[in-house]
Amino acid sequence: EADIYQTPRYLVIGTGKKITLECSQTMGHDKMYWYQQDPGMELHLIHYSYGVNSTEKGDLSSESTVSRIRTEHFPLTLESARPSHTSQYLCASSDSPTGVNGYTFGSGTRLTVV
Amino acid sequence: QKEVEQNSGPLSVPEGAIASLNCTYSDRGSQSFFWYRQYSGKSPELIMSIYSNGDKEDGRFTAQLNKASQYVSLLIRDSQPSDSATYLCAVNSPMDSSYKLIFGSGTRLLVRP
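The following block contains the structure:
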């Protein structure tokens, strides 16, 4: 049973709309991550957080923003959605500061911007 | 050179055969190594982790690590069509203080009935 939850699972939205993708985990993990993945392509890290009030940009430049006000919650926001934002967004968390136990992934949000 | 390299495949094996998936990494200081399975349209699922040289077995899966050669592999015995998926190799890299996992681009495995 998943301990990291993403909502919505699927989202179709019009260009220019503001959207927030939700990610919550019940494991008390400090480190959380957002990845973007196009079908059949590799994972790209777009944001990560080491804990409350800590956020960093990842390796892939993204127009999205994130916040970490509570340990369990790491939402991702797109202020103005564009068709180029169409992708799968995966949230993950880790219980170890050094990643020694790997990451646990949520089930993902598949976003389509029309 | 990518930090974690995998052959993209597809690797096609008949049902019941051994599938061998390989991964090389560039950072000699890496300490933790993982294999994730990702079905099409789904999120990655951790199936194996390995931390020291040698073999680690879990059911039909065996992970092998050779730090001197900077090489990690995953063997799947008695492959089943349900094993058809993309397998991601991930390496814990202390190259920067963030200790992020570095993922390979994945190898697609097809198990033919």
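As you go down the protein sequences, you meet chains A and B in turn.
Per the numbering used here, the first sequence starts with residue 1, numbered consecutively.
Per the numbering used here, the second sequence starts with residue 1001, numbered consecutively.
The beta carbon of each residue, even a glycine, is placed where N, CA and C say it ideally should be.
Selection from the options that minimises the alpha carbon distance to residue i
| i | options | result |
| --- | --- | --- |
| GLY108 (chain A) | A:ASP95, A:LYS18, A:PRO97, A:CYS91 | A:CYS91 |
| GLU1003 (chain B) | B:VAL1013, B:LEU1011, B:CYS1023 | B:CYS1023 |
| ILE1102 (chain B) | B:ARG1112, B:VAL1091, B:LEU1110 | B:VAL1091 |
| LEU11 (chain A) | A:SER96, A:LEU78, A:SER93 | A:LEU78 |
| CYS1089 (chain B) | B:ILE1076, B:VAL1072, B:ALA1017, B:SER1012 | B:VAL1072 |
| ARG68 (chain A) | A:ASP59, A:GLY106, A:GLN25 | A:GLN25 |
| ALA1068 (chain B) | B:GLU1015, B:GLY1029, B:ARG1112 | B:GLY1029 |
| GLN6 (chain A) | A:ARG110, A:SER62, A:GLY106 | A:GLY106 |
| GLN1031 (chain B) | B:LEU1074, B:GLY1106, B:ILE1076, B:GLN1070 | B:GLN1070 |
| LEU70 (chain A) | A:SER64, A:SER54, A:GLY58 | It should be pointed out that residue 70 (chain A) corresponds to Arg in this sequence rather than to Leu. Per the Cα distances, A:SER54. |
| THR1062 (chain B) | B:TYR1036, B:PRO1010, B:ARG1108, B:VAL1111 | B:TYR1036 |
With 16 other Cβ atoms within 10 Å as the buried cut-off, status of residue i
| i | result |
| --- | --- |
| PRO1044 (chain B) | buried |
| TYR103 (chain A) | buried |
| TYR1099 (chain B) | buried |
| VAL52 (chain A) | exposed |
| LYS17 (chain A) | exposed |
| LEU45 (chain A) | buried |
| THR112 (chain A) | exposed |
| GLY1104 (chain B) | buried |
| ILE1018 (chain B) | exposed |
| ARG9 (chain A) | exposed |
| VAL66 (chain A) | buried |
Enclosing beta strand (DSSP E) for residue i [first to last residue]
| i | result |
| --- | --- |
| GLN1080 (chain B) | Per DSSP, GLN1080 (chain B) belongs to no beta strand (DSSP E) and is neither H nor E. |
| GLY1054 (chain B) | 1054 to 1058 |
| LYS31 (chain A) | 31 to 37 |
| ILE1102 (chain B) | 1101 to 1103 |
| MET948 (chain B) | Because chain B spans 1001 through 1113 in this model, residue 948 (chain B) falls outside it and cannot be assessed. |
| VAL100 (chain A) | No beta strand (DSSP E) holds VAL100 (chain A); DSSP gives it neither H nor E. |
| SER24 (chain A) | 19 to 25 |
| PRO1014 (chain B) | 1011 to 1014 |
| ASN1066 (chain B) | 1061 to 1066 |
| THR1038 (chain B) | The displayed chain sequence assigns Gln, not Thr, to residue 1038 (chain B). GLN1038 (chain B) -> beta strand (DSSP E) spans 1033 to 1038. |
Practice prompt. Spell out a yes or no on whether the segment 38 to 46 of chain A and the segment 83 to 99 of chain A are touching, meaning 3 or more CB-CB pairs, one atom from each, closer than 8 Å.
Written response: yes
Worksheet item: Given 8 Å as the limit, is there contact between the segment 1076 to 1094 of chain B and the segment 65 to 82 of chain A, that is, 3 or more CB pairs closer than that?
Response: no
Worksheet item: If you scan the segment 42 to 97 of chain A from start to end, which runs of the beta strand (DSSP E) of 3 or more residues do you find wholly inside it?
Response: 44 to 51, 54 to 57, 76 to 78, 87 to 94
Worksheet item: Is the segment 95 to 102 of chain A touching the segment 1004 to 1024 of chain B in the sense that three or more CB pairs, one from each, lie closer than 8 Å?
Response: no
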